[in-house]
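Protein chains in written order, with UniProt numbering: chain A, 1 to 361; chain B, 1 to 361; chain C, 1 to 361; chain D, 1 to 361. Reviewing the structure listed below.
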């Protein structure tokens with residue numbers, strides 16, 4: 001089997017012309033698409049409708065090719081759009097296809113493998129609690145088995161966390177439910193950490209979620225989506241059962257200006273920045289860059305005050321995405337980077353995971 | 001003569017406690033202060049009153065030590081506060097003192113020299129025109145002569161550009177005057193470029209100002225201040241007639257993600273980032289970092305679209321400062337960086353000058 | 001013939017459930033819909049994609065009922081969505097249907113009549129100039145003739161102004177073209193004013209557009225849409241050839257706090273606020289409220305300074321919509337009001353037109 | 001005794017020229033000033049430094065007249081600056097003076113009386129709890145006794161609520177302390193309600209604070225100030241022991257568009273809006289307008305959705321101030337109104353108190 005990745009830069013959130021043309025030209029087989037991940041240019045907040053718009057535009061376009069109704073496209077393809085292209089970020093979508101057959105005999109080198117899946121549906125009471133942690137871990141483990149890979153071959157687990165509506169309206173306000181985005185992200189990330197063996201189950205509990213920041217995954221990247229009933233998962237790994245020319249590597253930023261962590265990831269792909277930045281020929285070898293960002297909630301970075309949390313006009317989320325995308329673009333020389341924010345249990349507090357997909361050297 | 005530089009991180013724009021304590025302890029002699037340059041945490045726009053607040057707080061505190069009224073402190077010390085500490089930037093002030101006597105015999109090495117001055121008062125009609133270019137050049141040339149240095153020894157010319165009120169109210173609206181911030185910045189920067197020999201006088205004209213972007217200074221850093229009648233100038237150079245342990249270097253970012261340009265400046269100071277970032281011991285050798293930023297007005301960076309100009313909620317100015325400060329902090333490992341925005345004729349379009357003051361190696 | 005108006009409050013820009021249900025239940029005949037006008041909850045700026053989203057959602061839903069492709073729904077129905085529901089505004093859509101046959105014999109009373117149409121396609125060079133003024137006037141006059149009404153019976157002319165792409169890319173930057181939103185709005189509004197006899201043709205010229213603010217329409221409400229080639233027009237009038245239970249009235253706010261102007265409009269509909277606000281039974285008689293808003297560009301309101309133009313964090317457009325919608329909601333007791341901003345030649349400078357559709361008393 | 005009130009419109013937060021001139025001309029005796037209340041043009045959030053700037057500018061100017069150091073001006077005069085002049089609000093300061101001697105014999109009519117005072121210093125543990133409620137009530141009761149007035153004569157109690165620093169750093173994070181702005185406002189408002197007999201003591205408890213919204217004061221207007229150790233109080237009443245030409249009236253808005261409530265307050269002052277707005281001669285009889293605003297946290301107004309809480313770009317606080325100031329300005333015809341936001345226990349949920357000072361008719 002092999003994974004291909006096509007990156008299309010967009011002119012606006014509803015722009016599907018690049019993918020549409022690639023399908024028309026035969027470059028992309030729509031039946032092979034397993035996931036589309038992208039950045040849209042909204043504010044990334046609760047009233048960011050650019051995600052809905054992009055999802056609607058993609059579903060409408062793909063429905064014709066897949067011969068289904070637009071509403072069911074998401075049952076077949078994970079559409080994971082993230083709002084917020086602050087600063088230098090160029091809005092874009094990443095289209096992943098999987099084709100071919102699995103081989104029994106391993107290849108001599110590992111190549112990018114992608115698997116998608118989902119958890120069972122959650123009850124509102126389970127969100128942000130161990131039930132969500134365990135079910136997420138179960139689903140991730142299932143994907144690893146399906147790919148026949150070990151934990152260390154997993155480099156990125158992109159999760160869209162469920163936030164089902166409470167069965168009884170108003171329950172969410174009762175103070176007992178953890179049914180919001182931060183809880184869904186935190187529990188999902190710990191679920192990934194548990195599946196990957198990054199955190200011992202004995203250390204996990206309802207009380208530890210979104211509380212004990214020493215527990216985290218280096219490879220989880222979680223967003224949460226209100227009214228989603230089951231969490232959607234896209235797992236990226238390197239596998240000796242897959243062929244192709246793509247590989248993935250990851251690392252962890254210890255804080256929001258941890259430039260060396262990014263360099264180390266590139267080094268793992270055989271890429272070496274010169275004077276801090278990839279040369280153009282090397283920049284073209286980088287096809288996708290993912291990171292989570294956080295404005296350190298303790299209010300300081302390396303003992304210096306920052307003002308991302310005290311600015312009443314601009315959200316810390318917009319600032320932190322702007323900072324991390326600037327670093328990723330500055331180092332890779334490519335502004336088509338994907339940064340999403342609020343990284344509960346995704347990397348250490350104030351930091352976050354980074355993953356890069358590139359051409360194998 | 002020797003220059004000293006003290007950096008004080010602030011808790012808010014009115015916080016002068018660091019400098020005040022340093023004066024009380026004898027670390028800083030208030031009579032030696034020639035300039036205070038700093039970042040405050042406002043929005044950097046027309047309604048950013050943090051600059052006024054910081055200036056008022058500094059003037060009030062220094063007046064007691066200088067035995068003068070607060071209103072005249074600025075006649076003796078250049079107070080250059082810039083609003084906008086987006087992203088990782090730690091608000092701070094840089095206090096420059098000059099002490100000692102000039103020596104006739106040159107030292108074997110060049111050290112940081114600082115000179116302050118101002119243009120004559122301008123008429124509103126002169127702003128943004130050749131009269132302002134020439135008078136700014138004259139003043140800069142005067143400072144170079146006073147320091148007995150050549151053009152190539154100048155590494156940063158910080159200008160607070162004049163914007164005098166029109167003699168006749170309402171004139172500014174008549175469409176003939178260029179009496180606004182962009183024009184004041186553009187003409188002042190070209191004045192610096194002319195003085196430093198970066199641009200030939202024959203290429204300069206009223207028509208070229210804020211029009212011909214091939215003309216620029218690599219060392220000008222200009223802000224503009226409404227109602228200021230004469231432009232204030234702080235010139236930084238390396239001189240063999242000055243002693244001390246500080247030196248300055250500069251470079252030019254060709255675009256907003258020109259990381260290599262920043263590396264080259266650090267290299268000139270004998271500093272070498274490891275994995276893209278200075279090690280802590282080296283980071284401590286960096287005392288001040290200055291840059292101008294601009295969200296490329298052509299709407300793209302390296303042929304990729306950016307959205308800094310099309311976001312109706314957040315100004316391009318806040319974004320571009322956030323991006324450049326992230327890069328500077330990421331590379332130096334120090335968030336106490338000074339980035340100010342809108343760089344007409346300061347570096348090429350979409351880019352801008354960078355200067356770093358550090359301990360001599 | 002008769003006009004009906006259904007107002008549906010929305011939960012988000014893509015929410016078409018109210019109209020969809022009404023069609024399913026037979027309350028609204030989709031074949032009769034001539035125009036849908038609505039407020040969505042975006043920022044109303046260039047990057048407000050909620051309009052696109054609402055348009056896409058409406059087109060997709062209506063296409064099924066109209067048995068056409070979504071792309072051609074707008075050829076049959078004017079979809080006029082306006083972003084920005086600042087403050088108390090409740091996002092909503094107004095669905096206008098026209099049914100029945102024209103009668104020769106006039107009715108004893110006038111009732112709401114609606115006509116839709118469009119101009120010819122424009123060249124980029126015509127936008128913001130007399131060619132656009134005259135063609136808009138021609139189209140409006142045509143609609144008046146079609147409705148067999150006189151100028152004084154017209155109470156609101158809603159225009160979506162064309163902004164065609166320049167034939168030669170880059171032409172718009174050449175400084176000769178007026179091909180932007182402000183110019184399209186200004187020329188379109190003057191076109192309405194010319195058709196309605198509010199402004200003498202002799203006073204109109206290319207130079208007067210967006211310059212001579214003494215020229216304005218009291219009944220034009222214009223927005224502009226990039227890449228639209230022909231302007232779309234919805235004309236609202238009272239006609240003795242139409243029956244039904246709806247009537248429309250209009251007035252002009254002289255400045256942004258001209259509350260009496262709003263009262264006068266309500267009075268014309270037989271409605272009388274008590275202690276400044278309609279009683280609930282009367283509030284229910286109001287079905288649609290339209291207004292244009294403007295933060296006075298001169299910087300003051302009744303000789304007092306306002307700060308809507310000097311706030312670098314929030315656009316004057318968001319403020320002015322918030323102010324006018326608060327007044328309209330406060331007076332009518334109903335937050336489902338439609339306010340759109342930037343009112344070049346629509347009412348006097350700093351003010352704007354107001355129109356109300358209600359049940360006939 | 002008599003109260004005078006001078007209103008000065010400002011050009012920026014540091015503008016004290018109006019008051020300074022009035023003092024120089026003898027119109028205002030600086031020794032008589034008891035309180036200065038004003039609106040500045042910041043964002044009203046945690047990083048709004050316009051309040052500090054205005055306070056510093058006023059303190060510096062008044063110190064010269066009062067022959068004291070700027071730091072102690074606030075010990076003699078309550079300086080209560082509130083940031084946020086959204087929409088039509090004209091930034092201004094209200095200067096209250098008290099002069100003359102108390103008379104034993106009551107006058108035939110009641111006139112505006114003002115008293116200022118403060119609570120004892122609070123411990124961090126007391127903020128947001130009954131200790132703060134009771135001490136605030138005690139202080140307010142003391143001011144009523146000093147003025148020899150009954151509860152029903154009190155029309156506005158302006159409180160700047162204390163937020164002392166925790167004795168042990170980090171305690172505030174422990175989750176036990178209520179030491180933030182919302183808690184300080186809530187407890188202070190209930191203290192006023194208790195003193196004025198608006199709420200029975202038996203219904204008050206730690207648990208009821210910021211929880212039971214049926215408990216509220218119609219006359220409290222509370223802001224809170226970090227690091228303030230004792231709450232500062234300005235009480236406005238009508239008293240038959242005071243003379244002069246000013247009176248005060250108050251009312252309560254039941255929701256954010258309760259226009260009739262504002263009309264009723266004006267009526268109490270003998271003022272009658274015509275077509276919803278005071279005629280210019282009547283507008284001049286209004287000297288000060290105070291209100292608290294709140295974007296209803298339940299997300300709707302009169303059963304219609306509003307978007308003030310779901311907008312990730314603009315704070316609900318800025319919206320609600322914009323809405324209420326628009327209504328007050330629209331009704332009075334005067335944009336020099338004072339609206340401050342977040343009204344815990346100040347009026348019913350989603351509403352807030354209104355008070356107007358005008359010339360006696």
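Virtual Cβ for every residue (Gly too), placed ideally from N, Cα, C.
Item	Value
Below 8 Å between beta carbons: does that hold for residue 295 (chain B) and residue 333 (chain B)?	no
Shortest alpha-carbon distance to residue 236 (chain A) belongs to which of A:215, A:273, A:288?	A:288
Using a beta-carbon distance cut-off of less than 8 Å, what residues from the segment 55–87 of chain A approach chain C?	56, 57, 60, 70
Mind the definition here: the segment 6–17 of chain D touches the segment 8–19 of chain B only if three or more C-beta pairs lie below 8 Å; say whether that holds.	no
What's the gap between the Cα of residue 70 (chain C) and the Cα of residue 92 (chain B)?	56 Å
Using a 10 Å radius around the Cβ and a threshold of 16 neighbouring Cβ atoms, would you call residue 27 (chain D) buried or exposed?	exposed
Going by Cα to Cα distance, which pick from D:25, D:306, D:205 is closest to residue 134 (chain D)?	D:205
Is it buried or exposed for residue 195 (chain D), if we count other Cβ within 10 angstroms and need 16 for buried?	buried
Using a Cβ-Cβ cutoff of 8 Å, what residues of the segment 33–45 of chain B are near chain C? List them in chain order.	43, 44, 45
Chain D beta carbons: is any one of them nearer than 8 Å to that of residue 315 (chain A)?	yes
Under three-state DSSP, which class holds residue 436 (chain C)?	Because residue 436 (chain C) is not part of the residues shown, which for chain C are 1 to 361, the question remains open.
Within 8 Å, do at least three Cβ pairs link the segment 118–134 of chain C to the segment 200–216 of chain C?	yes
Out of B:290, B:154, B:312, B:244, state which residue places its alpha-carbon closest to the alpha-carbon of residue 361 (chain B).	B:244
Starting from residue 111 (chain C), trace the beta strand (DSSP E) both ways and give me its first and last residue.	111–118
Name the residue from D:108, D:354, D:166, D:73 whose alpha carbon lies nearest to the alpha carbon of residue 125 (chain D).	D:166
If you run the structure through DSSP and keep just helix, strand and coil, what is residue 253 (chain A)?	strand
Applying the criterion that 16 or more other CB atoms from any shown protein chain within 10 Å of the CB defines a buried residue, is residue 67 (chain D) buried or exposed?	exposed
Note down the Cα distance separating residue 428 (chain A) from residue 304 (chain A), rounded to an integer number of angstroms.	Shown here, chain A extends from 1 to 361; a query on residue 428 (chain A) therefore has no answer.
By Cβ distance below 7 Å, which residues in the same chain neighbour residue 48 (chain A) in space, the five residues on each side in sequence not counted?	42, 83
So, is the C-beta of residue 47 (chain D) closer than 8 Å to a C-beta in chain B?	yes
Here's the rule: buried if 16 or more other CB atoms are within 10 angstroms of the residue's CB, otherwise exposed. What is residue 316 (chain B)?	buried
For a contact meaning CB atoms closer than 7 Å, what does residue 311 (chain C) contact in chain B?	47
Determine the burial state of residue 104 (chain C): buried for a count of at least 16 other Cβ atoms within 10 Å of its Cβ, exposed for fewer.	exposed
DSSP on residue 6 (chain C), reduced to helix/strand/coil?	strand
First and last residue of the beta strand (DSSP E) that includes residue 40 (chain D)?	33–40
Determine the DSSP secondary structure at residue 125 (chain D), reduced to helix, strand or coil.	helix
Quick one: is residue 164 (chain D) buried, meaning 16 or more other Cβ sit within 10 Å of its Cβ, or exposed?	buried
Can you list, in chain order, the residues of its chain whose CB lies under 7 Å from that of residue 116 (chain A), leaving out five sequence neighbours each side?	34, 35, 78, 233, 234
In the DSSP assignment, what are the bridge partners of residue 297 (chain A)?	In the DSSP output, where bridge partners are listed per residue, residue 297 (chain A) has none listed.
Assuming residue 238 (chain D) is part of the beta strand (DSSP E), what are its boundary residues?	232–239
Could you work out which residues of chain A lie near residue 119 (chain B), taking near to mean beta carbons separated by less than 7 Å?	Result: empty, since nearest Cβ-Cβ is about 34 Å, beyond 7 Å.
What is the DSSP secondary structure of residue 243 (chain A), counted as helix, strand or coil?	strand
Can you list, in chain order, the residues of its chain with a C-beta nearer than 8 Å to that of residue 215 (chain A)? Leave out the 5 residues immediately preceding and following it.	190, 193, 199, 203, 204, 208, 345
Output the distance between the C-alpha atoms of residue 241 (chain A) and residue 156 (chain A), rounded to the nearest integer angstrom.	18 Å
DSSP has residue 49 (chain A) in a bridge; who is on the other side?	None; residue 49 (chain A) has no bridge partner.
Starting from residue 81 (chain A) and walking both ways along the beta strand (DSSP E), at which residues does that stretch end?	78–83
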